[in-house]
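A.B. asks: Numbering (the numbering used here), first residue to last: 274 to 525.
One structure is given below, represented as structure tokens, and several questions about it will come after.
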């Protein structure tokens, strides 16, 4: 597991609360006093080294790790990598849930999409996310920032073969769904009261043909405008919350 830096106030607060292995937190001199006090208090509670550095050194660290122009909100943390599960490990975790949901990303290589999908998935209490080892967005600072802390809580697995992951999902009694703009079946017409393995394709190409062939059901989200596709994270959220709606989700 490679060490790397993450940034952003919410991202780092959630990383601390989740028990993420944080090596050190750096704050820019002159940051919001209330936020600084909160970070120091949380860091002390979890025995995480924390220091305030002058703006020049902080800016140098920003540029080195994230490039010029990145808005870190005056806080950066070094984390000791992210645990990546095997497919079997993720399915083992999911066994603790009734009718679990797992999201699989079929070669989505935009870290903003990865982070946004993770955010929607965590909010929907998804059991975990599966990434392909090739042509997949890395678990990068951008992905963590976009996820707003979701990647601190959401289990992540990687697979060398989406087809093998699908086969394993079927052996574990999951129904395998793929989103496809040309599918005949509209997503609201499906019964999701069962274990769900939902595969999301990249925005440019969608699901690969080899992936489509192994899905139990392909689902379409009807679009009424002139644009022919949705952002991958938006499509994910739409289907996820239809699943929750069908499962008698209520806001108290």
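Even glycine gets a Cβ: it sits at the ideal position worked out from N, Cα and C.
For the ligand GDP, is there a heavy atom less than 6 Å away from the beta-carbon of residue 473?
C.D. replies: As for the ligand GDP, it is missing from this structure, which has no ligand bound.
A.B. asks: Would you call residue 506 buried or exposed, if buried means 16 or more other Cβ atoms sit within 10 Å of its Cβ?
C.D. replies: When all chains shown are included, residue 506 counts as buried.
A.B. asks: Taking only runs of the beta strand (DSSP E) that begin and end inside the segment 342 to 410, which ones reach a length of at least 3 residues, in chain order?
C.D. replies: Fully enclosed beta strand (DSSP E) runs of 3 or longer: 348 to 352, 374 to 379, 401 to 405.
A.B. asks: If you draw a straight line from the C-alpha of residue 495 to the C-alpha of residue 307, how long is it?
C.D. replies: In a straight line, the C-alpha of residue 495 is about 46 Å away from that of residue 307.
A.B. asks: Determine whether the beta carbon atoms of residue 380 and residue 408 lie at a separation below 7 Å.
C.D. replies: Yes, the Cβ-Cβ distance between residue 380 and residue 408 is below 7 Å.
A.B. asks: With distances taken from CA atoms, which of 454, 497, 425, 373 is nearest residue 468?
C.D. replies: Nearest C-alpha to residue 468: 373.
A.B. asks: Apart from the five residues just before and just after residue 453, which ones in its own chain have a Cβ nearer than 8 Å to its Cβ?
C.D. replies: Excluding sequence neighbours, residue 453 sits near 474, 479, 480, 485, 491, 492, 493.
A.B. asks: In chain order, what residues of the same chain lie with their CB nearer than 7 Å to the CB of residue 370, ignoring the 5 residues before and after it?
C.D. replies: 400.
A.B. asks: Please name the residue in 477, 334, 512 whose C-alpha comes closest to that of residue 280.
C.D. replies: Taking only the C-alpha atoms, the option nearest residue 280 is 334.
A.B. asks: According to DSSP, is residue 277 part of a helix, a strand, or is it coil?
C.D. replies: Reduced to three states, the DSSP call for residue 277 is strand.
A.B. asks: Does the beta-carbon of residue 367 have 16 or more other beta-carbons within 10 angstroms, so that it is buried, or is it exposed?
C.D. replies: Burial call: buried.
A.B. asks: Could you check the C-alpha separation between residue 465 and residue 293 for me, to the nearest Å?
C.D. replies: If I take the Cα positions, the gap works out to 33 Å.
A.B. asks: In whole angstroms, what is the alpha-carbon distance linking residue 320 and residue 504?
C.D. replies: Between residue 320 and residue 504, the C-alpha separation is close to 40 Å.
A.B. asks: What separation, rounded to the nearest whole angstrom, lies between the Cα atoms of residue 323 and residue 376?
C.D. replies: C-alpha separation (whole angstroms): 35 Å.
A.B. asks: What separation, rounded to the nearest whole angstrom, lies between the Cα atoms of residue 443 and residue 425?
C.D. replies: Cα to Cα, the separation comes out at about 28 Å.
A.B. asks: According to the neighbour-count rule (16 or more other Cβ atoms, all chains shown, within 10 Å of its Cβ), is residue 289 buried or exposed?
C.D. replies: Classification of residue 289: buried, given that the 10 Å Cβ count is 16 or more.
A.B. asks: Tell whether a beta-carbon distance below 7 Å holds between residue 355 and residue 412.
C.D. replies: Yes, these two residues count as a Cβ contact at 7 Å.
A.B. asks: For residue 432 versus residue 360, is the C-beta spacing smaller than 7 Å?
C.D. replies: Yes, these two residues count as a Cβ contact at 7 Å.
A.B. asks: Kindly list the residues whose CB is nearer than 8 Å to the CB of residue 353, restricted to its own chain and excluding five residues on each side of it in sequence; keep chain order.
C.D. replies: Here the set comprises 274, 276, 294, 295, 296.
A.B. asks: Let me make sure I understand the geometry here. Which of 364, 483, 428 has the alpha-carbon closest to that of residue 447?
C.D. replies: Closest by alpha carbon: 364.
A.B. asks: Tell me the DSSP secondary structure of residue 301 in three-state form.
C.D. replies: In this structure, residue 301 counts as strand in the three-state DSSP scheme.
A.B. asks: Can residue 331 and residue 301 be called in contact, C-beta distance under 7 Å?
C.D. replies: Yes. Within cutoff.
A.B. asks: Taking only three categories from DSSP, how would you classify residue 457?
C.D. replies: It is coil, neither helix nor strand.
A.B. asks: Does the distance from the CB of residue 349 to the CB of residue 313 come in under 7 Å?
C.D. replies: No. Outside cutoff.
A.B. asks: Less than 7 Å between the beta carbons of residue 347 and residue 304, yes or no?
C.D. replies: A contact, by the Cβ cut-off of 7 Å.
A.B. asks: Can you say whether residue 310 is buried or exposed, counting buried as having 16 or more other CB atoms within 10 angstroms of its CB?
C.D. replies: Classification for residue 310: exposed.
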